[in-house]
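In the numbering used here, the protein residues as written are 1413 to 1904.
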């Protein structure tokens, strides 16, 4: 079997695996649906997620130590992850093939030439890491462009809900995410850019690829060109990384697609441990570019946060979410908590919540089938960075050893008297009180002299589950809304 055939099989396998791991989050209990799948393994293997969260929190989370395996293999083999594993890269390579399959060999050689603008991805990486390290920013944004959280988010919020809404194939309930159109727009832009140049995202934008490019200079096994070369340049024809194997090989750009090994008819290309003067190990980074990226990282994110984001403290986060400052340092916007939520109440923040909060989880109790279920703690157990910490049912409900602390409080429900049917219009309605799951109920009724029943919230008993908000019969915005008052938000 040719190495390129093995690469294609590997790519298909890992792309299918990522989608399947997103699928099994919401399946039932048949033998192939049983829980225990390593649903976060791709995110845990991502060294950029590990490094970025370590930079922002000054901690390295144990599940992310799996990324050390990726780093070690990269030092041994080069950018194998880009060529053999990355699901998002596989998608781009397939679309690129469809977009350019009818081009002549001369045209393919021309569009696969190296350009210095490929260094943009290194500057993007630097901007994100510097911004994550700044105490004044306190916000991790690497999930916007890191391909593994990005593609996981796309699968969870955009692709799988399509199957959910066709006969509930993958989930017991239909799922809808308000920001799906924006996710679709980003996905289409990055995909269609491949019609301009093959693997455009990998070549110019991908910060994870930039990290692998920096590590690739230390790789032991690498692509080499030997003395048999006739300078026919056919090795450039399908080079996915545009590392110009026919000239001085840009090792940092080599995606290890191995196409050059197949395309060379003279066996002039090798993959071995030999040193060679035909290789340039370091990327073409200019001092001016590095300084500009560093300066951008220092200024862009604080300005971005100041101008674009309203008060994040007003966002209602899922149960177990850390303090807003710590949460913002850890959340990578992967959408795992949103996918696993059985009631579809965990939604991605939109632009209206501020650009720095884009695609982070919020509780939208008007969507889905109900509010937050009392017997569910799934979101904390699937969060790959513990931005939502794992809770036991006893801790969430304030029982057993946690009785002294009381239940986890997501927020507090507040009645808008201007919208509430009995308060504003004298129309009998106690739906919120009837559906309150807390015992004793957090909503009690007072009857007026005319016999009209008026609901009141007991803020001391309310846990902010949002079921009252979901069931409120008032059309549009509910007359009872959960606000982030009195939230239980741990610092660590």
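The beta-carbon is built from N, C-alpha and C at its ideal position, and this holds for glycine as well.
Small disclaimer: the values here were computed from a predicted structure and weren't measured.
*Decide if residue 1738 is buried, meaning its Cβ has at least 16 other Cβ atoms within 10 Å, or exposed.*
In the chain shown, counting from the first residue as 1, residue 1738 sits at position 326. Label assigned to residue 1738: buried.
_Simplified DSSP state of residue 1856, which is helix, strand or coil_ = Sequence index remark: in the chain shown, residue 1856 carries index 444 (1-based). Residue 1856 falls in the strand class under three-state DSSP.
*Could you please give me the residues that DSSP links to residue 1684 through a beta bridge?*
Position 272 of the chain shown, counting from 1, holds the residue named residue 1684. According to DSSP, residue 1684 bridges with 1634.
*asked:* Tell me which residues share the same chain as residue 1536 and place their Cβ nearer than 6 Å to its Cβ, disregarding the 5 neighbours each side in the sequence.
replied: Within the chain shown, numbered from 1, the residue matching residue 1536 stands at position 124. The beta carbon of residue 1536 is closer than 6 Å to those of 1619 in its chain, skipping five residues each way along the sequence.
*Look at the alpha carbon of residue 1763 and the alpha carbon of residue 1418, and state the distance between them as a whole number of angstroms.*
Translated into positions along the chain shown, residue 1763 becomes position 351. Translated into positions along the chain shown, residue 1418 becomes position 6. Rounded to whole angstroms, residue 1763 to residue 1418 spans 42 Å at the Cα level.
*In terms of DSSP beta bridges, what is residue 1662 paired with?*
Sequence index remark: in the chain shown, residue 1662 carries index 250 (1-based). The partner list for residue 1662 (beta bridge, DSSP) reads 1692.
*Span of the beta strand (DSSP E), counted from its first residue to its last, around residue 1737*: Taking the chain shown and counting its residues from 1, the one referred to as residue 1737 is at position 325. Note, residue 1737: premise wrong, no beta strand (DSSP E); alpha helix (DSSP H) at 1736-1742.
*Can you give the Cα-Cα distance for residue 1493 and residue 1633, rounded to whole angstroms?*
Taking the chain shown and counting its residues from 1, one reaches residue 1493 at position 81. Taking the chain shown and counting its residues from 1, one reaches residue 1633 at position 221. So the alpha carbons of these two residues sit roughly 14 Å apart.
*Throw me the rounded Cβ distance for the residue 1455 and residue 1753 pair, which I believe falls under 8 Å.*
Translated into the one-based positions of the chain shown, residue 1455 becomes position 43. Translated into the one-based positions of the chain shown, residue 1753 becomes position 341. About 18 Å; that fails the 8 Å criterion.
*asked:* According to DSSP, residue 1893 sits in a beta bridge with which residue or residues?
replied: Position 481 of the chain shown, counted from the first residue, corresponds to residue 1893. DSSP output for residue 1893 lists 1826 as bridge partner(s).
*Since residue 1532 contacts residue 1616 with CB under 8 Å, what's their CB separation in whole angstroms?*
If you number the chain shown from 1, residue 1532 lands on position 120. If you number the chain shown from 1, residue 1616 lands on position 204. So it is a contact: roughly 5 Å between Cβ atoms.
*Closest residue to residue 1434 among 1421, 1416 and 1453 (Cα-Cα distance)*: Within the chain shown, numbered from 1, the residue matching residue 1434 stands at position 22. Taking only the C-alpha atoms, the option nearest residue 1434 is 1453.
*Along the alpha helix (DSSP H) that carries residue 1461, what are the first and last residues, could you check?*
For the purposes of this step, residue 1461 is identified with residue 49 of the chain shown, where counting begins at 1. Unbroken alpha helix (DSSP H) run through residue 1461: 1459-1469.
*May I ask which residues mark the beginning and end of the alpha helix (DSSP H) holding residue 1510?*
As a working note, residue 1510 is residue 98 in the chain shown. Residues 1499-1512.
*asked:* I need the straight-line Cα distance from residue 1480 to residue 1621, nearest angstrom please.
replied: Position 68 of the chain shown holds residue 1480. Position 209 of the chain shown holds residue 1621. Roughly 16 Å separates the two Cα atoms.
*Where in the region 1532-1617 do unbroken runs of the alpha helix (DSSP H), each at least 4 residues long, occur, reported from the N-terminal end onward?*
1532-1545, 1559-1566, 1572-1576 and 1592-1604
*For the region 1859-1876 and the region 1838-1845, state whether three or more C-beta atom pairs, one from each stretch, are separated by less than 8 Å.*
yes
*Every unbroken alpha helix (DSSP H) within the region 1740-1774, with a cutoff of 4 residues, ordered by chain*: Runs found: 1748-1752.
*If we ignore side chains and look at the alpha-carbon of each, how far apart do residue 1772 and residue 1761 end up?*
In the chain shown, the residue the question calls residue 1772 occupies position 360. In the chain shown, the residue the question calls residue 1761 occupies position 349. For residue 1772 and residue 1761, the distance between alpha carbons rounds to 5 Å.
_Opening and closing residue of the alpha helix (DSSP H) in which residue 1619 lies_ = Stepping through the chain shown from its first residue, residue 1619 is reached at position 207. Counting along the chain, the alpha helix (DSSP H) containing residue 1619 begins and ends at 1619-1628.
*Assuming residue 1759 and residue 1796 form a contact by the criterion Cβ under 8 Å, report the distance between their Cβ atoms to the nearest whole angstrom.*
In the chain shown, the residue the question calls residue 1759 occupies position 347. In the chain shown, the residue the question calls residue 1796 occupies position 384. In fact, because the Cβ distance is near 19 Å, the residues do not count as touching under 8 Å.
*Determine the extent of the beta strand (DSSP E) in which residue 1833 is found, giving its start and end residues.*
Working through the chain shown from its first residue, we reach residue 1833 at position 421. Residue 1833 -> no beta strand (DSSP E), and no H or E assigned at all.
_Under the three-state DSSP convention, the category residue 1730 falls into_ = Stepping through the chain shown from its first residue, residue 1730 is reached at position 318. If DSSP states are grouped into helix, strand and coil, residue 1730 belongs with coil.
*DSSP three-state call for residue 1427: helix, strand or coil?*
Start at 1 with the first residue of the chain shown, and residue 1427 comes out as number 15. Note: residue 1427 maps to helix in three-state DSSP.
*With a 10 Å radius around its C-beta and 16 neighbouring C-beta atoms as the bar for buried, classify residue 1725 as buried or exposed.*
Stepping through the chain shown from its first residue, residue 1725 is reached at position 313. By the neighbour-count criterion, in which 16 or more other beta carbons inside 10 Å mark a residue as buried, residue 1725 falls on the exposed side.
_Inside the region 1477-1501 only - alpha helix (DSSP H) runs reaching at least 4 residues_ = 1479-1489
*Should the region 1774-1785 be called in touch with the region 1880-1894, which here means at least 3 C-beta pairs below 8 Å?*
yes
*Between which two residues does the beta strand (DSSP E) containing residue 1866 stretch?*
In the chain shown, residue 1866 corresponds to position 454, counting from 1. From DSSP, the beta strand (DSSP E) with residue 1866 extends over 1865-1869.
*According to DSSP, which residues form a beta bridge with residue 1800?*
Taking the first residue of the chain shown as 1, we reach residue 1800 at position 388. DSSP, once it has assigned bridges, lists 1733 as partnering residue 1800.
*In the DSSP assignment, find the unbroken alpha helix (DSSP H) run with residue 1793 in it and report its ends.*
Your numbering for residue 1793 matches position 381 in the chain shown. First-last of the alpha helix (DSSP H) with residue 1793: 1790-1794.
*For residue 1432, which three-state DSSP category applies?*
For the purposes of this step, residue 1432 is taken as residue 20 along the chain shown, with counting starting at 1. Here residue 1432 sits in helix by DSSP.
_Selected residue, minimal CA-CA separation from residue 1776, among 1734, 1798, 1560 and 1825_ = By one-based count along the chain shown, residue 1776 stands at place 364. The option with the nearest alpha carbon to residue 1776 is 1825.
*Between which two residues does the alpha helix (DSSP H) containing residue 1528 stretch?*
Looking up residue 1528 in the chain shown gives position 116. That residue, residue 1528, is in no alpha helix (DSSP H); it is neither H nor E in DSSP.
*Roughly how many angstroms lie between the CA atoms of residue 1575 and residue 1582, to the nearest whole one?*
Here the question's residue 1575 lines up with position 163 in the chain shown. Here the question's residue 1582 lines up with position 170 in the chain shown. Roughly 6 Å between the two C-alpha positions.
*How many Å lie between residue 1460 and residue 1485 at the Cα?*
Taking the first residue of the chain shown as position 1, residue 1460 is located at position 48. Taking the first residue of the chain shown as position 1, residue 1485 is located at position 73. Straight-line Cα distance between these residues: approximately 15 Å.
_Counting beta carbon pairs with one atom in the region 1638-1645 and one in the region 1553-1561, are three or more of them shorter than 8 Å?_
Not touching, per the Cβ criterion.
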